[in-house]
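Trainee: This structure is in structure tokens; I'll ask about it shortly.
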Amino acid sequence: FMCSFTVRVCSDFEGQSISDEIVLKGELQLDSLKQKGAVRRTLFFDYHQSHHYFSIEIERQKQLHCQDFLVYLRDETEFRDKLSPININFNYSLDESSFEDSLTVKPILNYYQKNSLAEQAYILVDCGEDNVCIPDLQLSAVPDTDQLIIGEENCVMLIINPRNDGEGAYEAELHIKIPPEADYTGVERNNKALRVLSCDYKMENETRMVVCDLGNPMVAGANFSTGIRFSVQHFENADFSINFELQIKSSNKINPTSNLVNLHINISAVAQVQIRGVSHPPTIILPLHNWEPKDQPTKEEEVGPLVEHIYELHNIGPSAINSTVLHVGWPISSREEFLLYILHIQTHGPLNCQTSSPINTMQIKFAVPEDTPELAAFLYNSTISHYIRRRDVAVAEPHRKNTAKILNCTNVKCVLISCTVGQLERGKSAALKIRSRLWAQTFLERKNYLYSLSSNVSFEVKSMPYKVQPAKLPEGNIAIRTSVIWSTPNVSFEIPLWVIILAILLGLLVLALLTLALWKCGFFDRARPPQDDMADRQQLTNNKTTDA
């Protein structure tokens, strides 16, 4: 089925001192009000063009000279504008090439008369007798979430309900203004209750828009729901909420738009921050094998056993943190006697630390390995074996004369280590490793007393790298302890070899002397019978043999 109509062009002329026949050049333009490049809704049937040039030959004193041109309307899928008129322009001029050469004065058109004509045709729409559609467009929308957390995936679907309570709305479109924090990702297609619309991303005067086709026309009584998806990730300059603007627009002259809908979705920053630590080793066993204290130690091995504490500040997320302070209270001495003597402080990640007083004031020489396996293992969430360097002796159960005394910053002198932590994104960590030596002489002078050396670690997040800040910023603290206990070694393993050999020789000597003494006492002599009795027994035996 093709919708068509006829354009008729009729002409005649009057004039003085002109020939009885003239020729005009005519031009017909269909849908001339459309801008260049826009789709012309009507075309000439014979030429399939919206322009047509032709000649008109007119004779004086005859009836109107008319020509008919068949024009058809494109399929409605090829254009959207059904309400504006189809403007038909006709321009004409004299065909000077048809003048006779003998004419001294050539005819001209009347300057006081226009040489163009215009008419309009309308596409018949279902808008009542007056052919004027008055829609009543209504719009409502809700997001599928009322809270966005910085650092999460933050996929948002706007559930939108457009409806038309009036007459048909032509070229009806849903316009959604996208906030700077969001990006358009598509239309919801997996929910049968939501209609799938055809939507396009557009830029209008540097404003990002999503434009969805609602129908042409959006018929009277239309009422449905649709889902439009967005990803919200750009929070660098985000305020406390983001705003979506939605409106239905049509090409109708009366009531062309719906109500304007503003959707606000709140933004919050949330970070779960964890502080954890470990002592390596967790326990020191005294006394130390083959170790003697020195009054003025110069090497770290001369001070005592190695004790390392490792602390990790881990941001579980989802939001990032920055401007965090980390404090470590380290038990350094008591009554002018060293406890845990700090040699070196090592950091990993965006961490910068300072101490309240100088460390390694004794200028003890130490070696810092480039790679620290236990630190790497700790940062990669591997289990750190609390390895204890035991002596090559069997260790018995420790003597527990009393419970362990806790030595921390409440009862001994501490060095305060203050660190500033840079920005930590979700899943990132910063670590601090303190390399120290137990000042063994201090504890060897207090034999069989049990101690627990405790370092106190605390952190406080000062801010997050967003305009949005939580009501309460993360903070926390832990205590990491290193125990000092006493054990009695197996004596047999500590007796020198010459002592053992001497003991064996002494044992043999004692055995020899004991044997000699028993021999002297006749202990080894046997009891023999008298000689006469033995002779009588022999004679008796001989007699019996003779009788037989």
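Numbered by our numbering, the letters in the sequence shown go through residues 8 to 555 in order. For glycine and all other residues, C-beta sits at the position ideal for the given N, C-alpha and C.
So what's I261 in DSSP terms, helix, strand or just coil?
Mentor: Coil at I261, not helix or strand.
Trainee: Classify V314 as helix, strand or coil using the three-state DSSP reduction.
Mentor: Strand, per DSSP.
Trainee: Which residues does DSSP pair with E195 in a beta bridge?
Mentor: For E195, which the question treats as bridged, DSSP gives no partner whatsoever.
Trainee: Quick one: grab the DSSP three-state call for A524.
Mentor: It is helical.
Trainee: Measure the beta-carbon distance from V132 to L80 and round it to whole angstroms, keeping in mind my assumption that it falls under 8 Å.
Mentor: No, V132 and L80 are not in contact; Cβ-Cβ is about 12 Å, not under 8 Å.
Trainee: Since I166 and D151 are thought to touch, with beta carbons under 8 Å apart, how far apart are those beta carbons, to the nearest angstrom?
Mentor: With a Cβ gap of about 6 Å, I166 and D151 count as contacting.
Trainee: Please list, in chain order, all residues of the same chain as L50 whose beta carbon is under 8 Å from its beta carbon, the five residues on each side excluded.
Mentor: Closer than 8 Å at the Cβ level, and outside the excluded window around L50, lie L37, Q56, S57, V78, Y79 and R81.
Trainee: Helix, strand or coil for W446? Go by DSSP, reduced to three states.
Mentor: It is coil, neither helix nor strand.
Trainee: Please report how far the alpha carbon of G173 lies from the alpha carbon of M225, in whole angstroms.
Mentor: Spanning the two alpha carbons is a distance of roughly 10 Å.
Trainee: Inspect the beta-carbon positions of I487 and V310 and report whether they are closer than 8 Å.
Mentor: Their beta carbons are not under 8 Å apart, which means I487 does not touch V310 by this criterion.
Trainee: For I249, which residues does DSSP report across the bridge?
Mentor: BP columns for I249 point to I272.
Trainee: For L155, write down the residues that DSSP places opposite it in a beta bridge.
Mentor: DSSP, once it has assigned bridges, lists I274 as partnering L155.
Trainee: Quick one: what's got a C-beta closer than 6 Å to I328's C-beta in the same chain, skipping five residues either side?
Mentor: Excluding positions up to five away in sequence, the list reads A278, N322, L431, V468 and M471.
Trainee: If you scan the segment 281–316 from start to end, which runs of the beta strand (DSSP E) of 3 or more residues do you find wholly inside it?
Mentor: Taking only runs of at least 3 residues, the beta strand (DSSP E) segments lying wholly in the segment 281–316 are 290–293.
Trainee: Under 8 Å, do F251 and I274 count as touching if we go by C-beta distance?
Mentor: No, the pair does not count as a contact, with Cβ atoms beyond the cut-off.
Trainee: Since P300 contacts Q448 with CB under 8 Å, what's their CB separation in whole angstroms?
Mentor: About 4 Å; that satisfies the 8 Å criterion.
Trainee: Taking C-beta to C-beta, are N463 and C416 nearer than 8 Å?
Mentor: Yes, the Cβ-Cβ distance between N463 and C416 is below 8 Å.
Trainee: Beta-carbon within less than 8 Å of R196's beta-carbon, same chain only, minus the 5 sequence neighbours each way: which residues are those?
Mentor: Taken in chain order, the residues that qualify are V203.
Trainee: Give the DSSP-derived three-state secondary structure of E213 in the structure shown.
Mentor: Three-state DSSP puts E213 in coil, outside helix and strand.
Trainee: Pull up the distance between the alpha-carbon of V268 and that of A189, whole angstroms please.
Mentor: If you take the alpha carbons of V268 and A189, they lie about 17 Å apart.
Trainee: Note down, in chain order, each residue of its chain lying with its Cβ closer than 8 Å to the Cβ of V332, except the 5 sequence neighbours on either side.
Mentor: Hits under 8 Å: S425, C426, T427, V428, F466, E467 and K469.
Trainee: Please find out if some non-hydrogen atom of the ligand ATP comes closer than 7 Å to the beta-carbon of L40.
Mentor: With respect to the ligand ATP, the structure offers nothing, as it holds no ligand at all.
Trainee: I'd like the ranges of any beta strand (DSSP E) spanning at least 3 consecutive residues and lying wholly in the segment 119–158.
Mentor: Runs of the beta strand (DSSP E) inside the segment 119–158: 123–128, 144–150 and 154–156.
Trainee: Using the rule of at least 16 other Cβ atoms within 10 Å of the residue's Cβ for burial, across every protein chain shown, is I291 buried or exposed?
Mentor: Burial call: buried.
Trainee: Shortest alpha-carbon distance to N171 belongs to which of Q42, P263 and L518?
Mentor: Checked all of Q42, P263 and L518; the closest Cα to N171 is P263.
Trainee: In chain order, what residues of the same chain have a beta carbon less than 6 Å from the beta carbon of A128, not counting five sequence neighbours either side?
Mentor: For A128, where only same-chain residues beyond five positions count, the Cβ hits under 6 Å are I93.
Trainee: For I185, name the three-state secondary structure that DSSP assigns.
Mentor: Residue state, collapsed to three classes: coil.
Trainee: Flag this pair as yes or no: are the beta carbons of V314 and L347 separated by less than 8 Å?
Mentor: Contact: yes.
Trainee: For a test of the three-state rule: what should DSSP assign to G514, helix, strand or coil?
Mentor: Helix, per DSSP.
Trainee: Spatial neighbours of D19 within its chain, please: CB distance less than 7 Å, with the 5 preceding and 5 following residues excluded, ordered by chain position.
Mentor: Excluding positions up to five away in sequence, the list reads I65, L71 and H72.
Trainee: Could you say which of H287, R342 and I492 lies nearest to R442 if we only look at CA atoms?
Mentor: Looking at the Cα atoms, H287 is the closest of the given residues.
Trainee: Less than 8 Å separating the beta-carbons of L460 and L518?
Mentor: Not a contact, by the Cβ cut-off of 8 Å.
Trainee: By DSSP, does H393 sit in helix, in strand, or in coil?
Mentor: For H393, the predicted structure reports a pLDDT of 36, less than 50, and the residue's modelled location is therefore unreliable. A value from the coordinates is still provided. Of the three classes helix, strand and coil, the one that applies to H393 here is coil, per DSSP.
Trainee: For A486, report the span of its beta strand (DSSP E) as first-last.
Mentor: That run of the beta strand (DSSP E) goes E482 to W493.
Trainee: Count the other C-beta atoms from every protein chain shown that fall within 10 angstroms of the C-beta of R48, then say buried if there are 16 or more, exposed otherwise.
Mentor: Buried, because 16 or more other Cβ atoms sit within 10 Å of the Cβ of R48.
Trainee: Which of the three DSSP states, helix, strand or coil, is assigned to E178?
Mentor: Reduced to three states, the DSSP call for E178 is coil.
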